[in-house]
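In what follows, a single structure is set out as structure tokens and then discussed.
Residue numbers (mature numbering (1 follows the signal peptide of the UniProt record, and there is no 0)): -23 to -1, 1 to 476.
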């Protein structure tokens, strides 16, 4: 009897202990040791609940914003590798003496999409290699060279044009446009200081290797792979899935496909702002082609990740807390909102005879961040602050929402040859079942609801390969930016891509 009682008590203790782990706060679950197998991982180490998907999003934010291996960029192979010697006390420390942050983060060493999908289907830049800046920048007063966190953000790159957007910079009419200053639905964003926001899109190594290995930077090869033309790709165009962590640090191939989109604000000489932003030195190539060297601050970040448990991806979006009202009044005011403005908020700008890129856009958040997610954000922000003596810039970032699929049922092989849009094989959910939108990247479409309702997938389910209106590209819009070095039967490639 005593033995049975002991076993029963032990069982209850184990149950309660398991429950305590499950109910543990997000900040208590985050892996901050970069030598852990679960630090930067190919799939979530947490449970399949909304709360834990929110926490996994913070885990991805933490590991991808970790300092990159200091051997990069001198050693290109170090791109995408975190500095395993750094500690949480080093996380997000601002630059010194009024300078931008040094070195860069893991995701900043990922490959920029225009370096993969080049005009004329030219050979992509090698992984980890930082290309030289445009001649218009080096012939000006530029000094960035190819070092560390320096970025080149351009408003005129034709390899960054996506035909779906069809919005003309010069006239404000539906035509063609550079994604580098335009949002997903067209239109640019200007902050309250009168400066354009610039965007960039990047991919991790598993996706880079998949694209370059199958030469999917050429539209003709996309067509062959998507249709299984040679009988070797029954899965069609299918991004690599990340694997659950094992006992050791995973290779980048095991991490699966990562795509990121970042929104940068020009901070210029406002050095008092640098302690609240992930900062980087950058060349900004304006719509008129002029180039300037400046310091930019991250205002928005999308992270999408394909994993074994979420083969139609997990979609997470973050913002800097000073963007719009909702977190108290920031010390220097809101980046994209003027409380005294009489302008109607969230109205897409258009052009008359010329485009006025300097007029601030009044922005508000149309879907409030839930109280539960605000609580999670607060505890994670506190972790970053206390671990760094109050210095980490990442205490000023917040998770806006997460879209994920708790019951994926992908086709096998997945997504399958000749898969057509809309590509949809799961039931998506988000925190509070709210629309998932970033005020800096979906400013004018925060309640976007075509087809499946308000979600990232509502748009991305229609992503196609280059030159096709029907063949799916596994939720990624990057493939639609490819051109071709040869004619593609039945497909017309935009001349923008062949120049």
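Virtual Cβ for every residue (Gly too), placed ideally from N, Cα, C.
Between the CA atoms of residue j and residue i - distance to the nearest angstrom
i           : j           : result
residue 133 : residue 363 : Caution is warranted here: a pLDDT of 47 is assigned to residue 133, below 50, making its placement in the model unreliable, and no coordinate value can be reported.
residue 452 : residue 207 : 23 Å
residue 114 : residue 77  : 19 Å
residue 58  : residue 177 : 20 Å
residue 307 : residue 36  : 26 Å
residue 131 : residue 263 : 6 Å
residue 137 : residue 91  : In this prediction, residue 137 scores a pLDDT of 31, lower than 50, which makes its location untrustworthy; no coordinate-derived value is stated.
residue 458 : residue 379 : 26 Å
residue 449 : residue 406 : 22 Å
residue 348 : residue 237 : 26 Å
residue 323 : residue 313 : 10 Å
residue 331 : residue 167 : 16 Å
residue 301 : residue 175 : 18 Å
residue 437 : residue 377 : 19 Å
residue 419 : residue 293 : 13 Å
residue 228 : residue 95  : 27 Å
residue 26  : residue 7   : 16 Å
residue 428 : residue 248 : In this prediction, residue 428 has a pLDDT of 44, which is less than 50 and means its spatial position is unreliable; nothing more can be read from the coordinates.
residue 408 : residue 354 : 13 Å
residue 139 : residue 18  : Because the pLDDT of residue 139 is 36, which lies under 50, any placement of that residue in the model is unreliable, and the question is left without a value.
residue 251 : residue 386 : 45 Å
residue 74  : residue 189 : 41 Å
residue 213 : residue 199 : 9 Å
residue 38  : residue 232 : 14 Å
residue 93  : residue 109 : 15 Å
Nearest-angstrom beta carbon gap, residue j and residue i [assumed within contact, 8 Å]
i           : j           : result
residue 220 : residue 20  : 6 Å
residue 225 : residue 14  : 6 Å
residue 98  : residue 462 : 4 Å
residue 4   : residue 360 : 4 Å
residue 259 : residue 128 : 4 Å
residue 326 : residue 165 : 6 Å
residue 69  : residue 42  : 7 Å
residue 411 : residue 344 : 5 Å
Neighbourhood of residue i by C-beta, 6 Å cutoff - its chain only, sequence neighbours within 5 removed
i           : result
residue 243 : 172, 271, 273
residue 50  : 107
residue 23  : 29, 32, 33
residue 148 : At residue 148 the pLDDT is 29, less than 50, meaning the model places this residue with poor confidence; the figure from the coordinates comes in the next sentence. Result list for residue 148: 328, in chain order.
residue 55  : 46, 48, 49
residue 455 : 90
residue 440 : 450, 452, 453, 454
residue 335 : 171
residue 315 : 169
residue 281 : 236, 290, 292
residue 278 : 239, 295
residue 414 : 423
Beta-ladder partner(s) of residue i, from DSSP
i           : result
residue 180 : 88, 236
residue 76  : Bridge partners of residue 76: none, in fact.
residue 59  : 45
residue 256 : 274
residue 279 : 238, 294
residue 342 : BP columns for residue 342 are empty, so no partner.
residue 243 : 273
residue 195 : 460
residue 375 : 296
residue 381 : 406
residue 174 : 242
residue 219 : 284
Nonlocal neighbours in the same chain, by C-beta distance under 8 Å from residue i, ignoring five residues either side
i           : result
residue 254 : 242, 244, 274, 275, 276, 297, 370, 373
residue 187 : 193, 216, 217, 234
residue 269 : 117, 260, 261, 263
Contact set for residue i: own chain, Cβ-Cβ below 7 Å, skip 5 residues either direction
i           : result
residue 66  : 364, 365
residue 210 : 202, 394
residue 10  : 16
residue 447 : 397, 398, 441
residue 402 : 289, 385, 386, 387, 388
task = Check whether the segment 65 to 84 touches the segment 94 to 105, taking contact to mean three or more Cβ pairs, one atom from each stretch, closer than 8 Å.
result = No, the segment 65 to 84 is not in contact with the segment 94 to 105.
inquiry  = Whether or not the segment 312 to 323 and the segment 334 to 343 are in contact is what I'm after, with contact meaning three or more pairs of Cβ atoms, one per stretch, closer than 8 Å; do they touch?
reply    = Segments in contact, yes.
ask   = With contact counted as at least three CB pairs below 8 Å, one residue from each stretch, are the segment 383 to 403 and the segment 197 to 217 in contact?
value = Result yes; three or more Cβ-Cβ pairs closer than 8 Å.
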